[in-house]
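This report refers to the structure that appears directly beneath it.
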Amino acid sequence: MERFRVAGGARLAGEIAVCGAKNSALKLMAVALLAEGRTELRGVPRILDVELMAELLRRLGCDVRLDWEPGPEREDGPQKGSAIVIDVPAVPRTEADYDLVRRLRASICVLGPLLARQGEAKVSYPGGDAIGSRGLDMHIDGLERLGADISQEHGFLVATAKDGLTGASILLDFPSVGATENILMAAVLARGTTVIDNAAREPEIVDICSLLASMGAKIDGAGSSTLVIEGVDTLSPAPSPHQVVADRIVAGMFAVAATMTRGDVRVDGGNAAHLEIALDKLTQAGATVVPDETGFRVSMDRRPRAVDIITLPYPGFATDLQPLFAAMNSIAEGTSMVTENLFDARFVFLQELARLGASVRTEGHHAIVRGVEKLSGAPVRATDIRAGAGLVLAGLVADGHTTVSDVRHIDRGYQGLVTQLRSLGAQIEREPDPDPYP
């Protein structure tokens, strides 16, 4: 077990580059299953979740080559990400083992591709972050509408489509990213036309559609709430390497970090259009945000003002940025209300933030955050990926030292976070954790 030791008081300044999005790269790796042959992805983040997904694909019969060695040395990789080469066999295996799937919720996205290509799939119920209920009902309902038979046996989802899948009209009760992805990846090889209404609109969905189109899929409406998919008989690997869309959540983290530390940071590769509401909130907090052709710059010279946050599906305010803004509001002038509409256990993080002296009160899916002038360093524990990042940012503005335990969560979502923050002037280091449960 390891932890981060963070010294408060540093002002972040400089330029940082953003790698490809975790939430896209993992699904693009699953997309590769839809075609025999070689798929190459570039800009892939060097993170634990990618290594887990690579191992899952290997167990399905693929040859997967990362251009880095798993382990702590991944910290020193190129800021804009690395490459992965995936060679998919003619007949991949169709069972995703429990011991990997329980550690990686994104592994459920192999269900659609395996079912569409092989006519069957057996995938263990996934694990991942403990941020609340994220059921699979919409995944199952959508695939059943395409003609799949799905049952639950001994902790596995068992799906079959002996006669193949057939296009259908599917209305999602909620614009679920995971359900949209699984149904989309299955529909590209279904007979006829599939229409997905109330589909997720995230940039990562658009990225998946882009790779699928380069493989021969016929998709209209990417980025809108209605996807129309004309099924094809077969797909071929993309003729050239696919560049993973930049990680808007990581870009947003550095923007919030600059605001909290009264710093001046340019985020190279960050797409301001993908963070429109979040960057507007930082402007309301007092920061200066200047987009340019290849990124954006955030500067701040005063204590931030408190801003209210309401999480919603894209293009609304991203739930993955909520813990970061909660941390900012904890040291802001005034009182804010943070409303979490997507994940019911995301406020567990606030208990750790309170250990640093934050004034927080929760009422259902609302949190009232009263800003204090200074936090006080203390031992805290990362409860999920984004909570861990929020605690690190809080430590940057706390008096004294803050230790953040369970950094394995952070390693799942942020490439080289210690190295990147240090390059901007932060005093942070990774060290063994003698007491992993503060």
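Per UniProt numbering, residue 1 is the first one in the sequence shown, and the count goes up by one each step. For glycine and all other residues, C-beta sits at the position ideal for the given N, C-alpha and C.
Practice task
Give a yes or no on contact between the segment 345-356 and the segment 379-389, applying the rule of three or more CB pairs nearer than 8 Å.
Solution key: The segment 345-356, when compared against the segment 379-389, does touch it at the 8 Å Cβ threshold.
Exercise for the section: Using the Cα positions of V188 and Q118, report the straight-line distance between them to the nearest angstrom. Expected result: Here residue 188 refers to the residue found at position 188 when the sequence shown is read from its first residue. Here residue 118 refers to the residue found at position 118 when the sequence shown is read from its first residue. Between V188 and Q118, the C-alpha separation is close to 13 Å.
Problem - Start and end residues, beta strand (DSSP E) containing I219 - result: Position 219 of the sequence shown, counted from the first residue, corresponds to residue 219. It spans K218 to D220 - the beta strand (DSSP E) in which I219 sits, taken as one unbroken run.
Practice task
Measure the C-alpha to C-alpha separation of I219 and P315 and round it to an integer number of angstroms.
Solution key: As a working mapping, residue 219 is identified with position 219 in the sequence shown. As a working mapping, residue 315 is identified with position 315 in the sequence shown. Roughly 21 Å between the two C-alpha positions.
Practice task
Assess, as a yes-or-no matter, whether the segment 215-232 is touched by the segment 255-271 under the definition of 3 or more beta carbon pairs within less than 8 Å.
Solution key: No: fewer than three Cβ pairs fall under 8 Å.
Exercise for the section: Quick one: give me the first and last residue of the beta strand (DSSP E) that residue 456 is part of. Expected result: Because residue 456 is not part of the residues shown, which for the chain are 1 to 438, the question remains open.
Practice task
Enumerate in chain order the residues of its own chain whose CB-to-CB distance from A251 is below 6 Å, with the five nearest sequence positions on each side excluded.
Solution key: One-based indexing of the sequence shown puts residue 251 at position 251. If we look at A251 and ignore the five residues flanking it on each side, its Cβ neighbours are V18, V267 and G270.
Problem - Given A116 as reference, the closest of R105, D137, G147 and A96 once Cα atoms are compared - result: Along the sequence shown, one-based indexing puts residue 116 at 116. If we check each option's Cα against that of A116, G147 comes out closest.
Problem - Own chain, CB closer than 7 Å to A272, minus 5 neighbours either side, in chain order - result: The residue you call residue 272 lines up with position 272 of the sequence shown. So the list reads L279, P291 and F296, once near-sequence residues are dropped.
Exercise for the section: Tell me whether D406 is buried or exposed, calling it buried when 16 or more other Cβ atoms sit within 10 Å of its Cβ. Expected result: Here residue 406 is taken as the residue at index 406 of the sequence shown, counted from 1. It is buried - the Cβ of D406 has at least 16 other Cβ atoms within 10 Å.
Practice task
Confirm, please, whether the CB-CB distance from R361 to A378 is below 8 Å.
Solution key: Counted from its first residue, the sequence shown places residue 378 at position 378. Counted from its first residue, the sequence shown places residue 361 at position 361. No, these two residues do not count as a Cβ contact at 8 Å.
Problem - Opening and closing residue of the beta strand (DSSP E) in which D149 lies - result: Counting from one through the sequence shown, the residue named residue 149 turns up at place 149. That run of the beta strand (DSSP E) goes D149 to E153.
Practice task
Go ahead and label F254 buried or exposed: buried means 16 or more other beta carbons lie within 10 angstroms of its beta carbon, across all protein chains shown.
Solution key: As a position in the sequence shown, residue 254 is number 254, starting the count at 1. Under this definition F254 is a buried residue.
Exercise for the section: Would you decide whether R65 is buried or exposed? Buried here means 16 or more other CB atoms lie within 10 Å of its CB. Expected result: Stepping through the sequence shown from its first residue, residue 65 is reached at position 65. Exposed, since its Cβ has fewer than 16 Cβ neighbours within 10 Å.
Handout entry: Spatial neighbours of S236 in its chain, beta-carbon cut-off 8 Å, leaving aside the 5 residues before and after
Key = Indexing the sequence shown from 1 puts residue 236 at position 236. Within the same chain, Cβ atoms closer than 8 Å to the Cβ of S236 are found at A35, G37, M215 and G216, the five residues on either side in sequence being excluded.
Exercise for the section: Determine the DSSP secondary structure at Q79, reduced to helix, strand or coil. Expected result: As a working mapping, residue 79 is identified with position 79 in the sequence shown. Under the three-state reduction of DSSP output, Q79 falls in the coil class, being neither helix nor strand.
Handout entry: Distance, A358 Cα to T319 Cα
Key = As a position in the sequence shown, residue 319 is number 319, starting the count at 1. As a position in the sequence shown, residue 358 is number 358, starting the count at 1. Taking C-alpha positions only, T319 is separated from A358 by approximately 20 Å.
Exercise for the section: Take P241 and list the residues in its own chain whose beta-carbon comes closer than 6 Å to its own, dropping the five residues that flank it on each side. Expected result: As a position in the sequence shown, residue 241 is number 241, starting the count at 1. Closer than 6 Å at the Cβ level, and outside the excluded window around P241, lie E40 and R42.
Handout entry: 6 Å CB neighbourhood of T403 in its chain, flanking five on each side removed
Key = Counting from one through the sequence shown, the residue named residue 403 turns up at place 403. Around T403: R3, R5 and P379.
Exercise for the section: Tell me whether K27 is buried or exposed, calling it buried when 16 or more other Cβ atoms sit within 10 Å of its Cβ. Expected result: Counting from one through the sequence shown, the residue named residue 27 turns up at place 27. K27 is buried by the Cβ-count criterion.
Handout entry: Span separating the alpha-carbon of G128 from that of R105
Key = What you label residue 128 is simply residue 128 of the sequence shown in a count that begins at 1. What you label residue 105 is simply residue 105 of the sequence shown in a count that begins at 1. Reliability of the predicted coordinates at G128 is poor, the pLDDT of 45 falling under 50, and the value obtained from them is presented with this limitation in mind. Each residue's Cα considered, the two are about 5 Å apart.
Handout entry: Proximity to R103 [Cα-Cα], best of I309, R408, G425 and A222
Key = For the purposes of this step, residue 103 is taken as the residue at position 103 of the sequence shown. Out of I309, R408, G425 and A222, the CA that lies nearest to the CA of R103 is found in R408.
Practice task
With a floor of 4 residues, list each alpha helix (DSSP H) that falls wholly inside the segment 257-299, ordered by position along the chain.
Solution key: The segment 257-299 contains, as complete alpha helix (DSSP H) runs of 4+ residues, the segments 276-284 (chain order).
Problem - Extent of the continuous beta strand (DSSP E) to which D197 belongs - result: Counting from one through the sequence shown, the residue named residue 197 turns up at place 197. Start and end: T193 to D197.
Practice task
Determine the DSSP secondary structure at E120, reduced to helix, strand or coil.
Solution key: Position 120 of the sequence shown, counted from the start, is the residue given in the question as residue 120. The three-state reading of DSSP puts E120 in strand, counting E and B together.
Problem - C-beta contact flag for R248 and P175 at 8 Å - result: Stepping through the sequence shown from its first residue, residue 248 is reached at position 248. Stepping through the sequence shown from its first residue, residue 175 is reached at position 175. The answer is no: Cβ separation not under 8 Å.
Handout entry: Reduced DSSP category for D141 - H, G, I as helix; E, B as strand; rest coil
Key = Against the sequence shown, residue 141 aligns to sequence position 141. Helix, per DSSP.
Problem - N-terminal and C-terminal residue of the alpha helix (DSSP H) that F4 is part of - result: In the sequence shown, counting from the first residue as 1, residue 4 sits at position 4. Careful: F4 lies outside any alpha helix (DSSP H), inside the beta strand (DSSP E) at E2 to A7.
Practice task
Compute the Euclidean distance between the alpha carbons of E373 and A326, then round it to the nearest angstrom.
Solution key: For this step, residue 373 is matched to residue 373 along the sequence shown. For this step, residue 326 is matched to residue 326 along the sequence shown. Here the C-alpha atom of E373 lies approximately 15 Å from the C-alpha atom of A326.
Practice task
Under the assumption that N329 contacts V307 (Cβ atoms under 8 Å), give the Cβ distance between them as a whole number of angstroms.
Solution key: Here residue 329 refers to the residue found at position 329 of the sequence shown. Here residue 307 refers to the residue found at position 307 of the sequence shown. Confirmed, about 7 Å.
Problem - Own chain, CB closer than 8 Å to Q322, minus 5 neighbours either side, in chain order - result: By 1-based counting over the sequence shown, the position of residue 322 is 322. Sequence-distant partners of Q322 (beyond 5 residues in either direction) whose C-beta falls short of 8 Å from its own C-beta, in its chain, are I309, T311, V338, E340, R346 and R386.
Problem - Closest by C-alpha distance to R305, when choosing among D97, G371, L324 and V289 - result: Within the sequence shown, numbered from 1, the residue matching residue 305 stands at position 305. R305 has its Cα closest to that of G371, out of D97, G371, L324 and V289.
Exercise for the section: Return the residue from the list L143, A246, E15 and M29 that minimises the CA-CA distance to Q420. Expected result: The count along the sequence shown starts at 1 and reaches residue 420 at position 420. Checking every option, the nearest Cα to that of Q420 belongs to E15.
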